[in-house]
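Have a look at the structure below before the remarks.
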Amino acid sequence: MNAPHIPKAFAASDVRSEEMLLNMGPQHPSTHGVFRVVIRTDGEIVIDSESHVGYLHRCFEKHCESVSFLQSVLYTDRLDYLTSMGNNLAFSLGVERLFTDLVIPERAEHIRVICAELNRIASHLLAIGTYGMDIGAITPFLYCFRDREKILSIFESICGQRLNYNYVRPGGVAYDIDDSMIAAIKDFCKYFRPKAQEYDDLLSNNDIFVRRTANVGVLSKELALSYGVTGPCLRGSGVKRDLRRDLPYSIYSRFDFEIPVGTGERGTLGDCYDRYMVRVREMIESLRIVEQAVSQIPDGPFKTDQIKGKLRPPKGESFIRVENSRGELGFYIISDGKDVAYRVKCRAPSFHNISLLTDISRGAMIADMVAIIGSLDIVMGEVDR
Amino acid sequence: MDWPTIMWWVFAAVTLIPALMIVLSKDIVRLAFWLLASLSGIAGLYVLLGADFLGFAQILVYIGGIMVLILFGIMMTNRDAVLMRRGENTGGTTVVGLLIASVSALGLLKVISDTKWKEVPPVDMPATTSPIGEALLTDYVLPFELVSILLLVVLCGAAYIARRRAEEN
Amino acid sequence: MMTPYTLVDWVLGDGAGWIARFIGAVLVWAVPITGFVSFVGLLSIWLERKISAHIQCRLGPMEVGYHGALQTVADGVKLLAKEDLVPADADRFLFAFAPILAFAGTVVGFAVVPFGPGLIVADLDIGIFYLAAVGSLEAIGVIAAGWASNNKWSLFGSVRAATQVVSYEIPMGLAFVTIAALAGTLSMSGIVDQQQGWIANWFLFRNPFTWIAFIIYYIAALAECKRAPFDLPEAESELVSGFHTEYSGMRFAIFFLAEYAQMYVVSAVAVVLFLGGWYSGIAPLDAAVGTGVAGKLVGAGIIVTKSFLLVCVQMWLRWTLPRIRLDQMLYLCMKILMPFGMLTLVGSTMWEYYFPTPEIAKVGGGWTGNTVMTGVVVAIIGTLSLIVYVRSVIRSTPSLRAASNP
Amino acid sequence: MTPDKVHEILKAKHAQAVSAFDPNPKHPSIKIAPEFWRVVAKTLRDDCGLDYLVSLTAVDRAAELEAIYTLEVMDGARCPIHVRVLVPRDNPLIATVEDIWRTADWHEREAWDLMGITFVGHHNLVRILCAEDWEGHPLRKDYKSPDTYHGIKNNVT
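Chains as they are written, first to last, in the numbering used here: chain A, 23 to 407; chain B, 4 to 172; chain C, 31 to 436; chain D, 346 to 502.
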């Protein structure tokens, strides 16, 4: 299907040595969590690999069948713990979709968009920083964390939490935001726009970084489609697909933003560099959305008054997806009219994105393996649920 | 006893004891490290003889180059208990081995005792580096170049053989 | 003939017996050298932490001592108190022996590194050659560590170390030979003595090719020290920690110390070969360096400062650059550094043949037309290539600049 | 590719396979008889262009187990269609589609692991999220948590 990428210097596989079975993970600094790959190597070249997941399985779906919808929101925080706002939003939209006539106040919709996009920036900052670290550049990581901290501080002032927010809930958001928070967000936008250039200077144009990522782990469009890869990984392969634009949820259809796609500017279309670059550019686009949303945020209630007492969606099924920072996060929610879901299925983007690792890492080197896993940007909390 | 003599004994011990251990050791990696010690002893002897350039050439070539490559090769082989250990001796091989060893030892002893060793009084020897360089580029330039070409041929040949085998696979 | 006891002879006079000389050598050199190595290690580790911190918008250690100056000592005490772990099925003898081998391999390099005019353990006739020879001894310790750990990741680390050190010895040797051909000697102090006088007399500026030789040497030295971007044997994100994954406590500390000591050795050698050694580069000042105890101390101050500046450059590079891949590491060595090294050797000797340096400059005279010309050529070429490079980088910058301005 | 269009194509090619169709615009779904699932899946991908398996949801419907395949066109119109395949609870066998949509590989393993639906023809149907020696399928409604696991006591219930 796709030609596995072979580093040019080793295309002829000049000298063969004895094969070795290497166990990468579950505790390895570059597997981004408790993820295990068993690699069969010939010297430093990966002949074959097998992924093992499940070390972080904590029965999210089973939990949702035993606690109320509102309590389930709390568990969604722990899925992709770097994009908790997006997870909250997806689950809330899924629950809201079960109702027929629920109207979400405008102010709540704006706050949701602002939070989700800020969280996307924070998540991409972490992805870029840790990616640099995987390649061996430690300094960009701390620059990214410096800016991520500013976003987390804004979130802390909004909902009192820095990581697991439990903020966006069915019917609106948990608390209103005040003028000081809006001012803080505006300040951040002003601060961050020039800072984004720093990442370009630190990493994107670094010759070693380009050589380590360009032409490595090429993910062809066909392979990406077959594996259901979404998010920056898919866009890195040149597919212009973004649910915020193509299947708009919340109020995304009102905002003006671009969808960056990979161009193969430094190597082959769909290589690690393209996936990385898509993330860098997406941060700018997210910033544009935040700026627009903040400038037109209306007054009014921050949650609907249609839900009174216990949250009891009517009997039925709903499927919702949102464009999270790692791809399309979906929830299939089945309600039997009680305040506890009958069945919740989480369609996690990282679960799809990591399942193709075997296919794109064949023929790469061990150092490339790290670069490839990093460029897929997985969060094991979401893969294992 | 002056200090060169003492150092001579030290270096002789550093050369011979590891050499003995190479014969007696059964672990291939340990053996490689004993070889390392033995080669350093020889380098020390060279230095003691005033041939300091030769001594450090010994370290550069044998320890820095060849020993690293030997270790490299050993590590690349599987860590197999059978491969890593040398075979057990049986009675027959011991007898034959002893026989061969004693014959060659006798021969060596005879040669050593028959040779008339020249006794040179210790002198403060001049620097060895520039005479070596001059000799290599004047009187011995042809052998020097021939050896270089031979080494180049060996290098190319090794690369060629390794490549051929990979293609056959 | 080697003169191993320069300073001992200077202290005891020539008449002392060999026992006195031997004990004197041990006392005069072994103790201070070990102390100096430890000092270099402690200072470098503190510098590394502070430099990395300030590069990364942090403060680094601030609590123990002034700006955390004693933090490394505290950490050393902590490492001493740690349990000494040996993995199951490890080769216990080699596991214990490897750090010692690595440390010894580094410390023997100090034998020919001058600390100032006349302050040199053994001013060997073959100083540079000796360094090239013992440079790979540390690699043996690293290989032993990786092998003895009985850990596949460590084994990968030591195989990488072996590949890297053996390969980079060649460009490094070519840079050595370039300077040796110019200086006509392999002795460290002999080389420094030829760089007396104005800064243009430094071998770095002797002709345009020595400039390249310096860059080649410095890159190869980074690789020999296993510093980023050549930290493949350790590669914490790939091989966890490479050859010292399984090491803890004092044994780990010894590896650490060896690494930092080697950083100092290669920097000091760079200073000796290219940057004028213990001379400041200002002719009137240099006349006083090396005469009398005060002069010796000034010289020592100059060479140690220069060396630490180069150590700081290594740190700066480490915290700026990502790590290269194994095949790229070999590509750089075999296809870039080695051809350029040979070009440098030939070019430098040709230049010296056609534009010979006047004798007056060799023994520390003033500026000469040749050196000034060399400086001008180097400056023009360097500036032009820098401009071309920066422009090409800016031109090829992805369209983020456009995207960030809506 | 609208749900109606998909229904039409399936009706034309595999009339007896489609047992129900719900054109609800918010949640369109088609029910397929399990014995025809594999051929229908091929038609869905090749003729209807549904090249993207969004999700595979396994649901415990008391007497039956249900596998809901959510399908979509990756490059073009976005409207997920839910294809339902119901199998009897005591003999839950469904043909694998891992070679049709490669992402089904891990999804089928997950459905087997948590719900106990056996996918016939899957090359490596082993547990993916639970431990390899885990017993039972946790998402079934009649699942009882074990009291101990390798000596670790379950003190939640």
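Idealized CB from N, CA, C, for every residue including glycine. Values in this document were obtained by computation on a predicted structure and should not be read as measured data.
Inter-residue Cα distance where the pair is residue i and residue j
{"i": "A/ARG170", "j": "A/SER52", "result": "20 angstroms"}
{"i": "A/ASN228", "j": "D/VAL351", "result": "49 angstroms"}
{"i": "C/ILE245", "j": "A/PRO254", "result": "40 angstroms"}
{"i": "C/LEU167", "j": "B/VAL64", "result": "11 angstroms"}
{"i": "C/ILE158", "j": "B/SER43", "result": "19 angstroms"}
{"i": "A/TYR354", "j": "D/LEU484", "result": "14 angstroms"}
{"i": "A/ILE28", "j": "B/LEU109", "result": "Interpretation of A/ILE28 is limited by its pLDDT of 38, a score under 50 that renders its predicted location unreliable; no figure is taken from the coordinates."}
{"i": "C/MET364", "j": "B/ILE164", "result": "20 angstroms"}
{"i": "C/ALA132", "j": "A/SER383", "result": "35 angstroms"}
{"i": "A/ASN346", "j": "A/ALA138", "result": "8 angstroms"}
{"i": "B/LEU86", "j": "C/PHE127", "result": "Because B/LEU86 sits at a pLDDT of 49, beneath the cut-off of 50, its placement in the model cannot be relied upon, and the point is left open."}
{"i": "A/ALA149", "j": "A/GLU87", "result": "32 angstroms"}
{"i": "B/ILE77", "j": "B/GLY68", "result": "14 angstroms"}
{"i": "C/ALA141", "j": "C/GLN194", "result": "24 angstroms"}
{"i": "A/GLU4", "j": "D/ASN369", "result": "Since the first and last residues shown for chain A are 23 and 407, residue 4 of chain A lies out of range."}
{"i": "C/THR208", "j": "C/ALA243", "result": "7 angstroms"}
{"i": "D/HIS359", "j": "D/ALA386", "result": "11 angstroms"}
{"i": "A/ILE133", "j": "A/ASN110", "result": "13 angstroms"}
According to DSSP, residues forming a beta bridge with residue i
{"i": "D/HIS427", "result": "D/SER374 and D/THR415"}
{"i": "A/LYS337", "result": "Answer by DSSP bridge pairing: none, since A/LYS337 is not bridged."}
{"i": "D/ALA403", "result": "D/ALA412"}
{"i": "C/LEU149", "result": "C/GLY146"}
{"i": "A/GLU345", "result": "A/GLU350"}
{"i": "A/MET42", "result": "A/THR63"}
Residue j beta carbon less than 8 angstroms from that of residue i
{"i": "A/TYR197", "j": "A/CYS181", "result": "yes"}
{"i": "A/ALA218", "j": "A/ILE273", "result": "no"}
{"i": "B/LEU52", "j": "B/MET10", "result": "no"}
{"i": "C/ILE170", "j": "C/GLY135", "result": "yes"}
{"i": "A/PHE324", "j": "A/GLY194", "result": "yes"}
{"i": "A/THR235", "j": "A/CYS294", "result": "yes"}
{"i": "A/GLY322", "j": "A/LEU291", "result": "no"}
{"i": "C/GLU276", "j": "C/CYS255", "result": "no"}
{"i": "C/ALA283", "j": "C/LEU115", "result": "no"}
{"i": "A/HIS216", "j": "A/PHE91", "result": "In the sequence on display, residue 216 of chain A carries Pro and not His. Contact: no."}
{"i": "A/VAL312", "j": "A/LEU140", "result": "yes"}
Option nearest residue i by Cα separation, candidates the options
{"i": "C/SER267", "options": "A/ASP102, A/SER377 and A/GLY55", "result": "A/GLY55"}
{"i": "C/PRO369", "options": "C/GLY148, C/ALA162, C/ALA409 and C/ILE200", "result": "C/ILE200"}
{"i": "C/LEU339", "options": "C/THR413, C/PHE385, C/SER188 and C/SER74", "result": "C/SER74"}
{"i": "C/CYS342", "options": "C/ALA60, C/VAL67, C/PHE66 and C/TRP76", "result": "C/TRP76"}
{"i": "A/VAL238", "options": "A/ASP406, A/LEU398 and A/ARG62", "result": "A/LEU398"}
{"i": "A/SER377", "options": "A/GLN49, A/GLY76 and A/LEU269", "result": "A/GLY76"}
{"i": "C/THR374", "options": "C/TYR160, C/ALA283 and C/MET202", "result": "C/MET202"}
{"i": "D/PRO373", "options": "D/ALA407, D/ILE413, D/LEU459 and D/ASN469", "result": "D/ILE413"}
{"i": "C/ASP223", "options": "C/PHE304, C/GLN344 and C/TYR361", "result": "C/PHE304"}
{"i": "A/ARG267", "options": "A/TYR249, A/SER242 and A/VAL344", "result": "A/VAL344"}
{"i": "C/PRO144", "options": "C/LEU124, C/VAL61, C/LEU269 and C/GLY331", "result": "C/GLY331"}
{"i": "C/GLY306", "options": "C/ALA211, C/ALA118, C/LYS112 and C/GLY146", "result": "C/GLY146"}
{"i": "C/ALA163", "options": "B/PHE59, B/VAL150, B/LEU72 and B/LEU149", "result": "B/PHE59"}
{"i": "D/LYS489", "options": "D/LEU459, D/ILE473 and D/VAL399", "result": "D/LEU459"}
{"i": "B/LEU74", "options": "C/VAL137, C/ALA175 and C/LYS336", "result": "C/ALA175"}
{"i": "C/VAL107", "options": "C/ARG281, C/THR379 and C/GLN358", "result": "C/ARG281"}
Outcome for residue i when other beta-carbon atoms lying within 10 angstroms are tallied against a minimum of 16
{"i": "A/GLY396", "result": "buried"}
{"i": "B/TRP12", "result": "exposed"}
{"i": "D/ASP487", "result": "exposed"}
{"i": "A/LEU147", "result": "buried"}
{"i": "B/GLY100", "result": "exposed"}
{"i": "C/HIS84", "result": "exposed"}
{"i": "C/CYS87", "result": "exposed"}
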